[in-house]
Structure formats: structure tokens, C-alpha cells
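Quick notes on the structure that follows.
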Amino acid sequence: MASVLTGRAAHGITRGYRSTLRAVDEFGRRALFFGSAIASTGKALRRYRAETLRSIAEVGLGTGLLAAVGGSVVIIGFITLFAGATVAVQGHSSLGDIGIESLTGFLSAYLNVRVVCPVTVGIGLAATIGAGTTAQLGAMRISEEIDALEVMAIRSVPYLVGTRLLAGMATVIPLYAVALVTSFVASRLTTVLVLGQSSGVYDHYFSTFLVPSDLLWSFVQVIAMAFVVMLIHTYYGYNATGGPAGVGIATGRAVRLSLIAVVTVTLAVALALYGSARAVHLAA
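First residue of the sequence shown? That's -19 in the numbering used here, and the numbers climb one at a time after it.
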């Protein structure tokens, strides 16, 4: 009996040791890929400008059915439209319970800029641009197109990964600008036209609490999100295996991990910028 228990314990230790080694190997592979992908952006910008511009157009406008409905701009615009309206409805209702519903403009200026709009855009990036990138690179991997590029002496990482990283970084800025404007307009129209608040009251509190530095840091936050999301999705797409089913599995894993990354970046930025703040600052 003792020998059986000893054998089971040894088997459990061996299995745990092998699992740890696999985890370390996987971490190393990801670190090497991320490092080479970041380093490849310079070469992609110098040597593959046409592919970079094509990737920017594809990321911004989409392909196939996504392009037919207006691309990522329309999708993210609609998402932030309803998110901004929800902030107005919930904020007006919650503040009305304590008799200060006139501060709905304050909630719009703070929540949309700091949390709602960045997270919404990050989720939209993962669900549209990121998932499409993983599926596209995965299809190229299982059909051996990536291997064909290497045979033709074309470095696949700068050509496929570096160009898409640059495209994601370049596209997210106008996308986020559209998303911010859409969320602000939706919050104002909902508060003024639907909920009946005076436009002057809303505009006063909105402009008072809309801090320009918050807008700047909001853009920085979204750029960081886009960078992390594109790294994750290009990794899973570039290393997809197992045929069409494997591409689907890689896309699902990439979306799950990128959603975690989006909220993690939001938490890190919030702690770094506002974690120790005890006061509400007014716009100059």
C-alpha cells in the first residue's frame, strides 16, 4: 500500500514538473515572438509601406460583410453610441435618487473618458479587428502561405505581423476620436431630449468637469490597448495549428486573452493616474 501511494506521489510530482516546464516554454515562445514583433515594426515601416497602408485600410474599413456595413468605424461608433446613452440614463436615474440629477453632465465627462469609452473601444477592437487578424493569419498558416513567404526570402514577421501592429496603432486614434464624439453626443441627446434636462445645465457641468489631460491620457490608454490586443491576436494567428478547427480555437483563445488584457490595461492606467486622487478637478 505504501509503495502504491509513493508511486502516485511520484507520478503527481513528475506531472507537475512537466506542466511547469511546458508553461515556461510557452512563456518563452511568447516573449520571443512579442520581442521580434515589436522589433519588426521598424523594418515593416521602411520596407513594406504598401502592405502597411493596405493593412490600415483593411483594419479601418474591414473586408467582406464588415466592409459592407461600414467597417470598424461604424461598429465601434454604434457600440459607443449605446454606451454613452446608457451612462446618461443610469447616471440621471442614480443621481435623481439623491436630488442632484443636474450633475449628469459631470458623469458623462468623467465616466465616458476614463472608463466607458476606452473599455468599449478595446472590446470592439478585440471582437472585430483582432479576431479578423487571428483568423486571417491562421488561415495563411494552415494553407502554408507563411511558409511560402519565407521560401521567397520575405521575412514573414515584419511583413505580416509588423505591418498589422502599425496598422492597429494608426487606426485606433481616429477610431477612438469617433467613439468619444459619439459617446458625448449620445449622452447629451439622451439627457436633454429624452430625460428633459436643460441643455444649459448639462453643458455647464460637462464642460466644467471635462479635463483636457484626461482626454490625452485616454488616448494613450487606448493606444496601449490596441498595441497589446494586436500583439495577442497576431501571436495566436501566426502560430495557429490543426486546420480550420485550430484557427477557430486560436481565435477564441486570442479574444479571451485580449479581453482580459483590455480590462488589465484599464486597471493599470486607473491606478497609475487616479488611484491616489482624493479630489475632483475642474477644467481650466
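Glycine included, each C-beta is placed from N, C-alpha and C at the ideal position.
Under the three-state DSSP convention, the category residue i falls into
{"i": "glutamate 31", "result": "helix"}
{"i": "threonine 221", "result": "coil"}
{"i": "aspartate 194", "result": "helix"}
{"i": "arginine 2", "result": "helix"}
{"i": "glutamate 38", "result": "helix"}
{"i": "glycine 176", "result": "coil"}
{"i": "glutamate 130", "result": "helix"}
{"i": "arginine -5", "result": "helix"}
{"i": "isoleucine 78", "result": "coil"}
{"i": "arginine 9", "result": "helix"}
{"i": "arginine 233", "result": "helix"}
{"i": "arginine 135", "result": "coil"}
{"i": "leucine 45", "result": "Here leucine 45 scores only 46 on pLDDT, less than 50, and its place in the model should not be relied on; the value that follows carries that caveat. If DSSP states are grouped into helix, strand and coil, leucine 45 belongs with the helices."}
{"i": "glycine 255", "result": "coil"}
Option in the options with minimal Cα separation from residue i
{"i": "serine 82", "options": "Gly228, Thr244, Arg168", "result": "Arg168"}
{"i": "glycine 57", "options": "Phe86, Gly102, Thr84", "result": "Gly102"}
{"i": "threonine 214", "options": "Ala230, Pro224, Ile55, Leu61", "result": "Ala230"}
{"i": "alanine 241", "options": "Arg34, Met210, Cys97, Val174", "result": "Met210"}
{"i": "glycine 148", "options": "Ser35, Ser20, Arg29", "result": "Ser35"}
{"i": "valine 152", "options": "Glu38, Arg135, Tyr185", "result": "Glu38"}
{"i": "glycine 217", "options": "Ile126, Gly255, Ala89", "result": "Ile126"}
{"i": "valine 174", "options": "Tyr28, Val208, His72", "result": "His72"}
{"i": "phenylalanine 186", "options": "Arg233, Ala220, Met132, Thr84", "result": "Thr84"}
{"i": "methionine 120", "options": "Gly222, Arg9, Val235", "result": "Gly222"}
{"i": "alanine 157", "options": "Val202, Leu145, Ala128", "result": "Val202"}
{"i": "valine 245", "options": "Val99, Leu145, Val235", "result": "Val99"}
{"i": "serine 52", "options": "Leu145, Ala150, Leu105, Gly8", "result": "Leu105"}
{"i": "alanine 111", "options": "Leu75, Leu1, Leu239", "result": "Leu239"}
{"i": "valine 141", "options": "Ser179, Arg2, Asn219, Ala250", "result": "Asn219"}
{"i": "glycine 232", "options": "Arg(-5), Ala107, Ser136, Leu1", "result": "Ala107"}
{"i": "alanine 204", "options": "Val243, Ser193, Ala133", "result": "Val243"}
Between the CA atoms of residue j and residue i - distance to the nearest angstrom
{"i": "arginine 94", "j": "alanine 248", "result": "12 Å"}
{"i": "isoleucine 18", "j": "valine 200", "result": "18 Å"}
{"i": "valine 67", "j": "lysine 23", "result": "43 Å"}
{"i": "alanine 206", "j": "valine 227", "result": "21 Å"}
{"i": "leucine 190", "j": "alanine 252", "result": "19 Å"}
{"i": "threonine 113", "j": "isoleucine -7", "result": "39 Å"}
{"i": "proline 154", "j": "leucine 91", "result": "20 Å"}
{"i": "isoleucine 109", "j": "aspartate 77", "result": "40 Å"}
{"i": "valine 165", "j": "phenylalanine 14", "result": "38 Å"}
{"i": "glutamate 124", "j": "serine -1", "result": "30 Å"}
{"i": "glycine 118", "j": "leucine 25", "result": "23 Å"}
{"i": "proline 224", "j": "alanine 115", "result": "9 Å"}
{"i": "alanine 150", "j": "alanine 11", "result": "24 Å"}
{"i": "serine 74", "j": "isoleucine 80", "result": "9 Å"}
{"i": "arginine 9", "j": "arginine 2", "result": "10 Å"}
{"i": "serine 178", "j": "threonine 21", "result": "50 Å"}
{"i": "arginine 318", "j": "methionine 132", "result": "This structure cannot speak to residue 318, because the chain is shown only from -19 to 264."}
{"i": "alanine 48", "j": "arginine 29", "result": "A caution first: alanine 48 carries a pLDDT of 45, below 50, which makes its placement in the model unreliable, though a value can still be read off. C-alpha separation (whole angstroms): 26 Å."}
Contacting residues, own chain, Cβ-Cβ under 7 Å from residue i (five flanking each side not counted)
{"i": "glutamate 31", "result": "Tyr139, Thr143"}
{"i": "aspartate 5", "result": "none"}
{"i": "threonine 170", "result": "Ala65, Ala68, Val69"}
{"i": "threonine 162", "result": "Gly57, Thr60, Leu61, Gly64"}
Residues of its chain near residue i, where Cβ-Cβ distance is below 8 Å and the 5 sequence neighbours each way are ignored
{"i": "leucine 160", "result": "Thr60, Asn92, Val93, Cys97, Leu195, Ser198"}
{"i": "tyrosine 254", "result": "Arg94"}
Cutoff 8 Å: residue i Cβ touching any chain C Cβ
{"i": "alanine 157", "result": "Of the protein chains in the structure, only one exists, and it is not chain C."}
Own chain residues within Cβ distance below 6 Å of residue i, not counting five before or after
{"i": "alanine 234", "result": "Thr114, Ile212, His213, Tyr216"}
{"i": "glutamate 130", "result": "Ser136"}
Where in the stretch 142 to 172 do unbroken runs of the alpha helix (DSSP H), each at least 4 residues long, occur, reported from the N-terminal end onward?
Within the stretch 142 to 172, the alpha helix (DSSP H) runs of at least 4 residues that lie entirely inside it are, in chain order, 143 to 169.
Could I get the ranges of all uninterrupted alpha helix (DSSP H) runs contained in the stretch 82 to 125, with 4 residues as the minimum, in chain order?
Runs found: 84 to 91, 97 to 104, 111 to 122.
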